[in-house]
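Take a look at the structure set out below.
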Amino acid sequence: MGNSVRAHEIETVLKLCAEKRQRNYEVITGLAILFEQDDTGAAEEYVHFKSLLKTFGVNDIEQCVILAGTRSPGHVVARNLHMYISAGIDRCSKGNSRRYLAIVHYAGHGFYDPADDNLYFTSGHKEPYHFSSDTLTNCIAKFYEGTWPPFDVVLSNITSLSATNQRGLAFLAEWQILTRGVSLRGSLKQGETVELLAGVDDETTAFSRTTVGRRRTFTSKLADQVALASARMLSIDFIELLQRTYDASVAKKPVHKFLAGNIPIRLPFASGKKASLPQSPTIQLSMITGEYTVVIACHIVDDPSSTAVKRLVKSIEDIHSLIGVTVDQVYRCRSSGLVLRVPHSILLSLETLPGIKVMFEYVESSESESPASPSSLPKHPFLPPASPSLRNQENMPPGGLSQLSPANKEEF
Numbered sequence: 046m047g048n049s050v051r052a053h054e055i056e057t058v059l060k061l062c063a064e065k066r067q068r069n070y071e072v073i074t075g076l077a078i079l080f081e082q083d084d085t086g087a088a089e090e091y092v093h094f095k096s097l098l099k100t101f102g103v104n105d106i107e108q109c110v111i112l113a114g115t116r117s118p119g120h121v122v123a124r125n126l127h128m129y130i131s132a133g134i135d136r137c138s139k140g141n142s143r144r145y146l147a148i149v150h151y152a153g154h155g156f157y158d159p160a161d162d163n164l165y166f167t168s169g170h171k172e173p174y175h176f177s178s179d180t181l182t183n184c185i186a187k188f189y190e191g192t193w194p195p196f197d198v199v200l201s202n203i204t205s206l207s208a209t210n211q212r213g214l215a216f217l218a219e220w221q222i223l224t225r226g227v228s229l230r231g232s233l234k235q236g237e238t239v240e241l242l243a244g245v246d247d248e249t250t251a252f253s254r255t256t257v258g259r260r261r262t263f264t265s266k267l268a269d270q271v272a273l274a275s276a277r278m279l280s281i282d283f284i285e286l287l288q289r290t291y292d293a294s295v296a297k298k299p300v301h302k303f304l305a306g307n308i309p310i311r312l313p314f315a316s317g318k319k320a321s322l323p324q325s326p327t328i329q330l331s332m333i334t335g336e337y338t339v340v341i342a343c344h345i346v347d348d349p350s351s352t353a354v355k356r357l358v359k360s361i362e363d364i365h366s367l368i369g370v371t372v373d374q375v376y377r378c379r380s381s382g383l384v385l386r387v388p389h390s391i392l393l394s395l396e397t398l399p400g401i402k403v404m405f406e407y408v409e410s411s412e413s414e415s416p417a418s419p420s421s422l423p424k425h426p427f428l429p430p431a432s433p434s435l436r437n438q439e440n441m442p443p444g445g446l447s448q449l450s451p452a453n454k455e456e457f
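For the sequence shown, the numbering used here assigns the number 46 to the initial residue and increments by one for each residue that follows.
This is the structure:
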C-alpha cells in the first residue's frame, strides 16, 4: 500500500491544482528584508524584486531594513513581518472569498548551522547578530493557528553570498533559500500554500564575495524570465518561473520546496488582467503555459473498472483545459496502472503522493493530439497496450526551459 495511491487522492490533488490556477487574490503585497550594513548588492536586488512583482501588477512593496548595530535583528524582522501580514489581511474584504498572498524576499548573507539544523541570515561583517529562518516561518505559522482568513506565502531570497568558502556550511545564493534548515511548524486549515525558492540546493555553496560582480543574481534571472513569459502567457506558476531560470544558471542551479501544502501558487500577469476571460476557460492551454511535459505512471489501488477510476478519468477530462493533464492509458496490473502526461508544476504536486513514478521528461506533444476521455475509452475493464506515442521521447522543449532532465543533469 505504501507504493500505491487511491484514485480519489489523485483526483483531489488535480482538482486543487485547477482551483488554484483560477484563484484570485484580493490583496497581494511584497516585503523585502535586508541588512543596512550589506556588501552583497541587496539594494540592487530590491530593484529586481520590485520589477518582478510589478510584472504581476503588484505595486505594494515594503522594505524591512535591519540597521547597523542592531543587536536583535530577529525581533526587528518578526515585528515587521507580523505587521506586514496583518496589514495585508486587514485590507481584504469580509467574506469567504477573500484571499491574500504575501511575497517575502531576503537579500544578503546566509549560512546553515548543522548543530541546530537551521538557516541563519547575517550582515556578514563579523557581527554575532543574525536571525534564523525560524523567525520567518514561526511568524507565518502563528497566523495559521489563529482565526485569520486563508492566505498563501512565497518566500524568496535574492543574493545571499557567502562571506567565506568554509566547507560544511551551505550558503544560499538567493533566498527562497536553502531547502535544508527551513521548515514550517503548524497545521493548515484552508488549503494554504507556502513555497520556498532557493538559488542553490542543500549540498551547494553559494558564490563568494569575490565573484559577485561577475554573476547575475537569482532574482535578476527571475525578473528577466517573468518579463519574457508575460509577453506570451496569461499566467505562470512560481515553480515554472524558477524552472525557466535553469538555462541562465550555468554554475548554480535553483531549487524549490513546499513548506506547506502541495499546490503551486499561480499568478496572472498584469498585462492580461484586463482581459475578459470566461468563467469556464476555453482558451488553449498553450496560451497560458509554456511548461514542459512529463509522462508519469501512477500505481492505483482501485480496480480499473471501479467507479473511482472512472470518476478520476472523467475529472481529468473536465479540467484538462485548466491544468493540461492528459490520460494516455489505464492498465490492469493487480490493481490499476494509470499513465498520464502532466505539466512539470503538476508533477510537483502529484509526487507528494505514493505510487507516482516519472517515466519520461521533456516530452513533445503533437498539437493534433487530444486528451483521452471516458467516452473514447474502451468499454471493457482495462485499456489495450499504450500507443507508440508513449515511447521514450526525451526531446528538448521548444525554446528550451532546461536542456537536461533533472534526473540526468551534468555537473555544472
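Ideal placement from N, C-alpha and C gives every residue a C-beta, glycine not left out. From a predicted model like this one, the values you see are computed outputs, not experimental measurements.
CB of residue i within 8 Å of CB of residue j, strictly
i      : j      : result
Ser351 : Lys60  : no
Val408 : Val387 : no
Asp373 : Leu385 : yes
Phe263 : Thr100 : no
Asn153 : Asp105 : In the sequence under discussion, the amino acid at residue 153 is Gly, which differs from the Asn named in the question. Contact flag unset, no.
Leu97  : Leu267 : yes
Ser390 : Asp282 : yes
Val149 : Ser201 : yes
Leu241 : Lys302 : yes
Pro195 : Arg136 : no
Ile364 : Ala63  : yes
Tyr461 : Glu237 : As shown, the chain starts at 46 and ends at 457. That puts residue 461 outside it, with no answer to give.
Phe156 : Gly119 : no
Phe80  : Ala88  : no
Tyr7   : Thr182 : Here the chain has residues from 46 to 457 only, and residue 7 is not among them.
Val199 : Gly133 : no
Ile368 : Arg51  : no
Val339 : Glu406 : yes
Leu146 : Asp179 : no
Leu304 : Val58  : no
Arg289 : Ala274 : yes
Beta-bridge pairing of residue i - partner residues as DSSP gives them
i      : result
Lys402 : Ala342
Lys302 : Leu241
Gln108 : Ala77
Gln374 : Val384
His154 : Thr167
Arg311 : Asp282
Val103 : Answer is none; Val103 lacks a bridge partner.
Ile148 : Gly75, Val199
His175 : Thr167
Val271 : None, per the DSSP bridge assignment.
Val50  : Ile345
Val408 : Thr338
Whole-number beta carbon distance between residue j and residue i, since they are thought to touch under 8 Å
i      : j      : result
Val354 : Val375 : 7 Å
Val122 : Cys109 : 6 Å
Cys184 : Leu126 : 5 Å
Ser381 : Asp348 : 6 Å
Ile78  : Tyr151 : 5 Å
Ala243 : Pro159 : About 17 Å separates the two Cβ atoms, so there is no contact after all.
Residue-level contact to chain D via CB, residue i, 8 Å cutoff
i      : result
Leu398 : The displayed structure is made up of one protein chain only, and chain D is not part of it.
Any non-hydrogen atom of the ligand ADP within 7 Å of residue i CB
i     : result
Asp83 : Ligands displayed in this structure: none; no statement on the ligand ADP is therefore possible.
Examine the Cβ distances between the segment 393-413 and the segment 341-358 and report whether three or more of them are shorter than 8 Å. yes
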